[in-house]
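Below you'll find the structure, written out as structure tokens, and then a few comments.
In UniProt numbering, the protein residues as written are 1 to 199.
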């Protein structure tokens with residue numbers, strides 16, 4: 001982390017900037033296992049085809065717009081260098097959320113298996129969070145995505161995005177929850193998160 005990190009500011013991203021934030025996330029997760037699971041691409045080493053890259057961008061455009069509409073999108077850095085998607089307690093994605101974010105279009109574009117993978121993962125996330133948080137599930141903030149552009153990593157942007165969301169949760173004495181791969185556990189442990197289970 002550079003000394004310049006002290007001057008970094010994070011901010012909430014409005015709906016009008018959702019596509020800019022989504023472009024950053026799509027770039028961040030182009031070789032991510034979860035993103036490629038949605039795209040039904042098993043090889044994480046090869047570049048995405050233009051068609052796959054376009055669908056990957058569309059997925060993050062819809063997700064980011066949905067979080068702007070009913071959730072929280074946080075960004076740090078001059079070029080949306082790091083972006084986090086949060087679901088505060090009470091976030092309820094109604095048909096209005098699906099319509100405005102165009103999530104409904106993904107139902108048509110992902111295909112049968114892609115639909116099952118993408119939309120099914122959200123049900124799995126909710127079940128896991130509820131099981132882990134127990135009676136506190138209804139007041140839990142969930143970090144659904146956090147990505148930082150490769151050239152911007154190690155500069156403190158992701159830390160500022162985390163601190164922004166955590167400050168809001170802490171102000172209301174509410175817990176937070178996230179899921180990540182093992183290699184990201186040390187980063188989140190710096191903020192007080194504790195690993196549960198084997199995943």
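A virtual CB, placed ideally from N, CA and C, is assigned to each residue, including glycine.
Computed from a prediction, not measured in an experiment: that's the story for all the values here.
Mapping DSSP to helix, strand and coil, what is residue i?
| i | result |
| --- | --- |
| residue 177 | strand |
| residue 84 | strand |
| residue 36 | helix |
| residue 44 | coil |
| residue 195 | coil |
| residue 136 | helix |
| residue 94 | coil |
| residue 31 | coil |
| residue 89 | coil |
Between which two residues does the beta strand (DSSP E) holding residue i run?
| i | result |
| --- | --- |
| residue 144 | 141-148 |
| residue 121 | It is not in any beta strand (DSSP E) - residue 121 instead sits in the alpha helix (DSSP H) that spans 111-133. |
| residue 102 | Note, residue 102: premise wrong, no beta strand (DSSP E); not H, not E. |
| residue 10 | 10-12 |
| residue 75 | 72-76 |
Just the C-alpha distance for residue i and residue j, rounded to the nearest angstrom, thanks.
| i | j | result |
| --- | --- | --- |
| residue 181 | residue 99 | 31 Å |
| residue 33 | residue 44 | 6 Å |
| residue 38 | residue 119 | 9 Å |
| residue 140 | residue 41 | 32 Å |
| residue 85 | residue 21 | 10 Å |
| residue 1 | residue 108 | Unreliable positioning characterises residue 1 in this predicted model, as indicated by a pLDDT of 43, which lies under 50. A coordinate reading is not provided. |
| residue 90 | residue 70 | 9 Å |
| residue 130 | residue 23 | 30 Å |
| residue 134 | residue 93 | 21 Å |
| residue 117 | residue 60 | 15 Å |
| residue 30 | residue 64 | 16 Å |
| residue 195 | residue 173 | 20 Å |
Might you give, ordered along the chain, the residues of its own chain that have their beta carbon closer than 8 Å to the beta carbon of residue i, omitting 5 neighbours on each side?
| i | result |
| --- | --- |
| residue 14 | 68 |
| residue 165 | 72, 74, 84, 86, 141, 143, 176 |
Spatial neighbours of residue i within its chain, please: CB distance less than 6 Å, with the 5 preceding and 5 following residues excluded, ordered by chain position.
| i | result |
| --- | --- |
| residue 3 | With a pLDDT of 43 at residue 3, under the threshold of 50, the predicted position of this residue should be treated as unreliable, though the coordinate-derived value follows. Counting only Cβ-Cβ distances below 6 Å, and skipping sequence neighbours, we find nothing. |
| residue 62 | 101, 102, 103, 106 |
Am I right that residue i and residue j are in contact with their C-beta atoms under 8 Å? What's the rounded C-beta distance?
| i | j | result |
| --- | --- | --- |
| residue 12 | residue 56 | Their Cβ separation, rounded to whole angstroms, is 24 Å, which puts residue 12 and residue 56 out of contact at 8 Å. |
| residue 8 | residue 156 | 5 Å |
| residue 150 | residue 10 | With 8 Å as the limit, residue 150 and residue 10 do not qualify as a contact, their Cβ atoms being about 19 Å apart. |
| residue 218 | residue 76 | Past the boundaries of the shown model lies residue 218; the chain is included only from 1 to 199, so the question cannot be answered. |
So, for residue i: in the same chain, excluding its five sequence neighbours on each side, which residues have a beta-carbon less than 7 Å away from its beta-carbon?
| i | result |
| --- | --- |
| residue 158 | 82, 146, 148 |
| residue 19 | 61 |
| residue 28 | 147, 148, 149 |
Could you check where the alpha helix (DSSP H) with residue i kicks off and where it finishes?
| i | result |
| --- | --- |
| residue 163 | 157-171 |
| residue 24 | 18-28 |
| residue 58 | 50-69 |
| residue 188 | 185-189 |
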